[in-house]
Each structure stands twice: as C-alpha cells, then as structure tokens.
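Going by numbering that gives the first Met the number 0, the sequence shown opens with residue 0, and the numbers climb by one from there.
Glycine included, every Cβ here is placed at the ideal spot set by N, Cα and C.
First the structure, in the form of structure tokens, and then the observations on it.
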Amino acid sequence: MVEEAISLQARPWQQLVQADKNNRLSHAYIMDGLQGTGKMRLTLTFIQYLLCEQRAGELPCQICSACRRIENGNHPNIWMIRKEGQSIKKEQIDELIQQMSKKGYEKGRRFYMIEEAHTMTVSAANALLKFLEEPVGEITAFLMTDTYAQLLPTIQSRCQRIQFTRPNEEQLIGQLVADYQLTDSLASTLSRITANVDEALSLSQEEQFMMMRKLALQLIERIEHSKAEAILFIQGEWQSVVKEKEDLEMILNLLLHGYRDIVTIKVNIDRSICYPDARELLEKLSYRLTYEQLSSKIDEILHMKQKISSNMNRTLLVEQLILRL
Numbered sequence: 000m001v002e003e004a005i006s007l008q009a010r011p012w013q014q015l016v017q018a019d020k021n022n023r024l025s026h027a028y029i030m031d032g033l034q035g036t037g038k039m040r041l042t043l044t045f046i047q048y049l050l051c052e053q054r055a056g057e058l059p060c061q062i063c064s065a066c067r068r069i070e071n072g073n074h075p076n077i078w079m080i081r082k083e084g085q086s087i088k089k090e091q092i093d094e095l096i097q098q099m100s101k102k103g104y105e106k107g108r109r110f111y112m113i114e115e116a117h118t119m120t121v122s123a124a125n126a127l128l129k130f131l132e133e134p135v136g137e138i139t140a141f142l143m144t145d146t147y148a149q150l151l152p153t154i155q156s157r158c159q160r161i162q163f164t165r166p167n168e169e170q171l172i173g174q175l176v177a178d179y180q181l182t183d184s185l186a187s188t189l190s191r192i193t194a195n196v197d198e199a200l201s202l203s204q205e206e207q208f209m210m211m212r213k214l215a216l217q218l219i220e221r222i223e224h225s226k227a228e229a230i231l232f233i234q235g236e237w238q239s240v241v242k243e244k245e246d247l248e249m250i251l252n253l254l255l256h257g258y259r260d261i262v263t264i265k266v267n268i269d270r271s272i273c274y275p276d277a278r279e280l281l282e283k284l285s286y287r288l289t290y291e292q293l294s295s296k297i298d299e300i301l302h303m304k305q306k307i308s309s310n311m312n313r314t315l316l317v318e319q320l321i322l323r324l
C-alpha cells in the first residue's frame with residue numbers, strides 16, 4: 000500500500016522527503032488536491048516515515064510499533080480533526096490547541112491533521128491562525144482541502160502548499176487489474192469515481208456500489224427507451240438501493256459517466272471508457288443521440304447534482320431529472 004500511495008503521487012512525496020532531508024520541514028502544510036487523490040494516505044505515510052523506528056531509505060518499515068499504531072489510528076503524537084455537521088467549529092480548534100500544548104506525549108515530533116480544512120468557520124480559522132503564527136515545539140500541521148481558494152489568505156500564507164494531481168486513469172486501471180485482480184470493466188468505473196487505490200478497493204467490495212453501477216446502466220437504457228418505463232423502474236428496485244443523499248450523489252456520478260462514455264464513443268476518442276462491459280449498448284445510443292442532446296443531458300445531470308440536499312425526496316428528484324433527459 001505504501002509504494003502504491005507514493006507511486007501515484009511521487010512529486011508531493013519527494014517534496015516532503017526532501018524537506019526532511021534538508022532539515023527544512025515546515026511547521027504547517029496545506030495538502031491541496033481533488034477528493035480521492037490520496038492526500039490523507041500520503042500524509043499518514045509521511046508521518047510514518049518521520050516517526051518510523053526502523054526506517055531504511057525513503058520508506059517507513061510498516062512493521063515497527065510506531066508505524067503500526069499510526070496505521071491503526073492510535074498513535075498519541077497524532078491529533079485528527081474532522082468536521083462536525085457541516086463545518087469545523089472553533090471549539091474543536093480550541094481543543095486541538097489545548098492538546099498540542101500538553102506534555103506527556105511520546106518522544107518525537109507531534110502532528111495534527113485537519114480534514115476538509117476549508118469547512119472551518121471564520122472563528123475556527125482565526126483561532127487556528129493565531130496558533131500557526133506562534134508554533135510550539137516540534138509540531139507539524141497538515142490541512143487537507145480540495146478547495147484551496149476557500150481557505151483564509153492569511154492561513155495560506157503561513158503554510159506550505161503541497162499540490163496533488165489526479166493520477167493517470169490508465170495507470171490506476173492497470174494497477175487495479177494487475178495487483179488486485181479486478182476486472183477491466185470494474186477498474187475502469189472505479190478510476191472515474193476516485194483516484195485513490197484504497198477507496199477504489201473498498202468500493203469494489205461493496206455490494207451497494209456494485210448494485211448502483213448496475214442500476215445506473217439499466218436506468219440509462221430505460222430512459223432512452225421510454226421515460227415512463229424509467230420512472231416505473233426507479234419506483235421499484237431503485238428504492239431499496241438509493242436511500243441516502245450520498246447514494247444519490249454516487250448514482251448521479253455513475254449516470255454522468257455513462258453519458259460521457261456515449262460522447263467518447265461518438266467522437267471516436269482513443270481513450271478508455273467507464274463501462275467497457277456495456278459498450279454495445281453505449282454504441283447503439285451514440286448513433287441515436289445527437290451531440291446537442293448529449294450535451295443537454297450532461298448539463299441536466301450536473302445541474303441536478305448541485306440541487307441535492309439531505310432533506311429532499313430523492314425519488315421525486317430523479318423523476319424530475321428523467322423527464323428532462
């Protein structure tokens with residue numbers, strides 16, 4: 000897992016390792032990249048590298064006590080903050096500062112990680128800013144974000160930015176097929192959903208995800224055959240699968256990639272598609288649908304994704320989408 004995380008994000012890894020080798024480790028980093036690019040995995044691997052008791056070269060050993068506790072999420076020198084509800088609150092930052100000021104930790108550098116740092120409230124961000132301005136001892140911060148511009152400029156200026164790029168899809172597909180024996184079709188779909196190997200493997204083992212993939216393809220076929228049939232379809236088996244807001248977000252992503260596949264086939268672009276196992280269906284639809292129709296359908300799905308909220312009737316929302324497609 001370590002080598003895979005590093006191989007997919009070699010540049011950020013080298014930036015961090017080189018900073019350590021040159022004794023120029025920053026007191027705070029912003030790990031900036033799209034969701035699924037492996038920011039958290041690489042950050043934890045780097046912390047393992049720094050605290051490893053048997054390190055050889057540029058990789059943590061993964062077997063010493065420090066490495067294992069970091070992997071299991073119970074190393075006392077690491078503090079993690081995640082949003083509560085829709086945001087990270089000032090009280091969470093106050094508690095972080097209090098914890099980082101305490102003694103009694105194990106020897107060595109301490110770390111705190113803030114997931115989705117852009118969701119901090121203004122008061123939380125200002126509290127963190129004061130802490131960043133006055134670093135205490137050997138403490139390193141890692142702020143994770145996929146929306147760098149939403150962080151306070153004053154926080155941006157006090158942290159070193161490490162940028163994560165989305166790995167090449169073909170590289171990820173090849174790795175999932177060769178190293179984990181996933182089918183080419185499933186690996187192709189997963190490469191569109193996430194750029195993170197761990198997340199891709201987790202999804203591949205979820206019956207819920209496999210069912211949603213199947214339903215997305217069936218829904219595309221029914222929409223293009225009969226909208227009335229499609230509406231009946233989502234009132235049946237669909238109901239037991241798409242239960243939560245996150246389920247609807249995933250199914251809309253899968254629909255979106257299906258229609259993008261049709262565009263890819265229609266323009267004869269030499270690139271992999273999300274659903275290689277459904278190429279026959281997608282090719283038929285590529286002959287029937289015009290570029291204008293496909294563009295309109297993709298726009299409607301993107302618009303619907305923006306309208307999702309946790310308290311909306313998900314079936315009604317999809318019915319509205321079907322009528323517009």
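Checklist entry - Where does the unbroken alpha helix (DSSP H) through Leu58 begin, and where does it stop? => result Here residue 58 corresponds to residue number 59 of the sequence shown, with the count starting at 1. Neither: Leu58 is in no alpha helix (DSSP H) and is coded neither H nor E.
Checklist entry - What span of residues does the alpha helix (DSSP H) with Met303 cover, start to end? => result Here residue 303 is taken as the residue at index 304 of the sequence shown, counted from 1. From DSSP, the alpha helix (DSSP H) with Met303 extends over Tyr290 to Lys306.
Checklist entry - Can you tell me where the beta strand (DSSP E) with Arg112 in it begins and where it stops? => result Counting from one through the sequence shown, the residue named residue 112 turns up at place 113. The amino acid occupying residue 112 in the given sequence is Met; Arg does not appear at that position. It spans Arg109 to Ile113 - the beta strand (DSSP E) in which Met112 sits, taken as one unbroken run.
Checklist entry - Which same chain residues, not among the five before or five after Leu247, have their C-beta less than 8 Å away from its C-beta? => result If you number the sequence shown from 1, residue 247 lands on position 248. Once the five neighbours on either side are set aside, the close Cβ partners of Leu247 are Val241, Ile307, Arg313, Leu316 and Val317.
Item to check | Host alpha helix (DSSP H) of Thr42 (start-end) | outcome: In the sequence shown, the residue the question calls residue 42 occupies position 43. Boundaries of the alpha helix (DSSP H) harbouring Thr42: Lys38 to Leu50, taken from the DSSP string.
Item to check | Buried or exposed (CB count within 10 angstroms, at least 16 for buried), Asp260 | outcome: Translated into positions along the sequence shown, residue 260 becomes position 261. Per the 10 Å Cβ criterion, buried.
Next on the checklist: Just to confirm my understanding: we take Thr146, look at its own chain, exclude 5 residues before and 5 after, and list those with CB closer than 7 Å. What are they?
Outcome noted: Position 147 of the sequence shown holds residue 146. By the criterion of a C-beta distance shorter than 7 Å, Thr146 is surrounded in its chain by His117, once the five residues flanking it on both sides are discounted.
Next on the checklist: Quick test of the definition: if touching needs 3 or more C-beta pairs under 8 Å, does the segment 22-36 touch the segment 161-175?
Outcome noted: The segment 22-36 vs the segment 161-175: in contact.
Item to check | DSSP-derived helix/strand/coil call for Gln85 | outcome: The residue you call residue 85 lines up with position 86 of the sequence shown. The answer is coil: DSSP assigns Gln85 none of H, G, I, E or B.
Item to check | Cβ-Cβ distance between Tyr111 and Ala65 below 7 Å | outcome: Within the sequence shown, residue 111 is the residue found at index 112, counting from 1. Within the sequence shown, residue 65 is the residue found at index 66, counting from 1. No, they are not a contact pair.
Item to check | Arg221 versus Thr182 - alpha carbon distance | outcome: Your numbering for residue 221 matches position 222 in the sequence shown. Your numbering for residue 182 matches position 183 in the sequence shown. Rounded to the nearest whole angstrom, the CA to CA distance from Arg221 to Thr182 is 25 Å.
Next on the checklist: Is the separation between the beta-carbon of Met211 and that of Ile172 shorter than 7 Å?
Outcome noted: Here the question's residue 211 lines up with position 212 in the sequence shown. Here the question's residue 172 lines up with position 173 in the sequence shown. No. Outside cutoff.
Checklist entry - Quick one: what's got a C-beta closer than 6 Å to Leu127's C-beta in the same chain, skipping five residues either side? => result As a working note, residue 127 is residue 128 in the sequence shown. Cβ neighbours of Leu127 beyond the five flanking positions: Ile92.
Next on the checklist: Within a Cβ cutoff of 7 Å, which residues of the same chain sit near Glu169, ignoring the five residues on either side of it in sequence?
Outcome noted: What you label residue 169 is simply residue 170 of the sequence shown in a count that begins at 1. Once the five neighbours on either side are set aside, the close Cβ partners of Glu169 are Ser271.
Checklist entry - Going by Cα to Cα distance, which pick from Arg81, Ala215, Ser285 and Ala229 is closest to Thr120? => result In the sequence shown, the residue the question calls residue 120 occupies position 121. Of Arg81, Ala215, Ser285 and Ala229, the smallest CA-CA separation from Thr120 is found for Arg81.
Checklist entry - Can you name the residues that DSSP bridges to Gln251? => result Mapped onto the sequence shown, residue 251 falls at position 252. The sequence as given places Leu at residue 251; Gln does not occur at that position. Per DSSP, Leu251 has no beta bridge partner at all.
Checklist entry - Straight-line CA distance for Thr42 to Tyr286? => result Numbered from its first residue, the sequence shown carries residue 42 at position 43. Numbered from its first residue, the sequence shown carries residue 286 at position 287. Using only the alpha carbons, I get a separation of about 46 Å.
Checklist entry - In three-state terms, what does DSSP make of Arg157? => result Translated into positions along the sequence shown, residue 157 becomes position 158. Of the three classes helix, strand and coil, the one that applies to Arg157 here is coil, per DSSP.
Checklist entry - For Leu293, which residues from the same chain have a beta carbon less than 8 Å from its beta carbon, with the 5 sequence-adjacent residues on both sides left out? => result Start at 1 with the first residue of the sequence shown, and residue 293 comes out as number 294. Answer for Leu293: Tyr258, Ile261, Val262 and Lys265, listed in chain order.
Item to check | Proximity test, Arg157 beta-carbon vs the ligand NAP heavy atom, cut-off 6 Å | outcome: Within the structure as shown, the ligand NAP is missing, as the structure has no ligands at all.
Checklist entry - Between the C-alpha atoms of Ser156 and Gln47, what's the straight-line distance to the nearest angstrom? => result For the purposes of this step, residue 156 is taken as the residue at position 157 of the sequence shown. For the purposes of this step, residue 47 is taken as the residue at position 48 of the sequence shown. Distance between the alpha carbons of Ser156 and Gln47: 27 Å.
Checklist entry - Count the other CB atoms within 10 Å of the CB of Gly136; is the residue buried (16 or more) or exposed (fewer)? => result In the sequence shown, residue 136 corresponds to position 137, counting from 1. Exposed, by the Cβ-count rule.
Next on the checklist: Can you tell me whether Tyr274 is buried or exposed? The criterion is at least 16 other CB atoms within 10 Å of its CB, across all chains shown.
Outcome noted: Translated into the one-based positions of the sequence shown, residue 274 becomes position 275. Buried, since its Cβ has 16 or more Cβ neighbours within 10 Å.
Item to check | CA nearest to the CA of Glu223, picked from Leu280, Ser184 and Ile192 | outcome: Locating residue 223 in the sequence shown gives position 224, counting from the first residue. Distance from the Cα of Glu223 is smallest, within the candidate group Leu280, Ser184 and Ile192, for Leu280.
Checklist entry - In the DSSP assignment, what are the bridge partners of Tyr28? => result Position 29 of the sequence shown holds residue 28. Tyr28 is bridged to Phe141 and Gln159.
Checklist entry - So, Lys296 versus Leu324, is the Cβ gap smaller than 7 Å? => result Locating residue 296 in the sequence shown gives position 297, counting from the first residue. Locating residue 324 in the sequence shown gives position 325, counting from the first residue. Going by C-beta atoms, Lys296 is nearer than 7 Å to Leu324.
Checklist entry - So who's on the other strand from Ile80, going by DSSP bridges? => result Counted from its first residue, the sequence shown places residue 80 at position 81. Paired residues: Ile113.
Item to check | Beta-carbon proximity list for Glu228, same chain, < 6 Å, skipping 5 on both sides | outcome: Translated into positions along the sequence shown, residue 228 becomes position 229. Excluding sequence neighbours, Glu228 sits near Arg221.
Checklist entry - Roughly how many angstroms separate the alpha carbons of Tyr28 and Leu95, rounded to a whole number? => result By one-based count along the sequence shown, residue 28 stands at place 29. By one-based count along the sequence shown, residue 95 stands at place 96. Those two C-alpha atoms are separated by around 16 Å.
Checklist entry - Using the rule of at least 16 other Cβ atoms within 10 Å of the residue's Cβ for burial, across every protein chain shown, is Gly326 buried or exposed? => result Nothing about residue 326 can be reported from this structure: the residues present for the chain run from 0 to 324 only.
Item to check | Neighbourhood of Ser100 by C-beta, 7 Å cutoff - its chain only, sequence neighbours within 5 removed | outcome: As a working note, residue 100 is residue 101 in the sequence shown. A distance below 7 Å between beta-carbons, with the five flanking residues on each side excluded, links Ser100 to the following residues of its chain, in chain order: Val135.
Checklist entry - Looking only at DSSP bridge pairs, what is Met209 linked to? => result As a position in the sequence shown, residue 209 is number 210, starting the count at 1. By DSSP's assignment, Met209 forms no beta bridge with any residue.
Next on the checklist: At the level of alpha carbons, what is the spacing between Arg67 and Gly56?
Outcome noted: Here residue 67 refers to the residue found at position 68 of the sequence shown. Here residue 56 refers to the residue found at position 57 of the sequence shown. Here the alpha carbons of Gly56 and Arg67 stand approximately 18 Å from one another.
Item to check | Close Cβ partners of His74 (< 6 Å) along its chain, the five nearest in sequence each way excluded | outcome: Mapped onto the sequence shown, residue 74 falls at position 75. In chain order, Arg68 place their CB closer than 6 Å to the CB of His74, counting only its own chain and leaving out the 5 sequence neighbours on each side.
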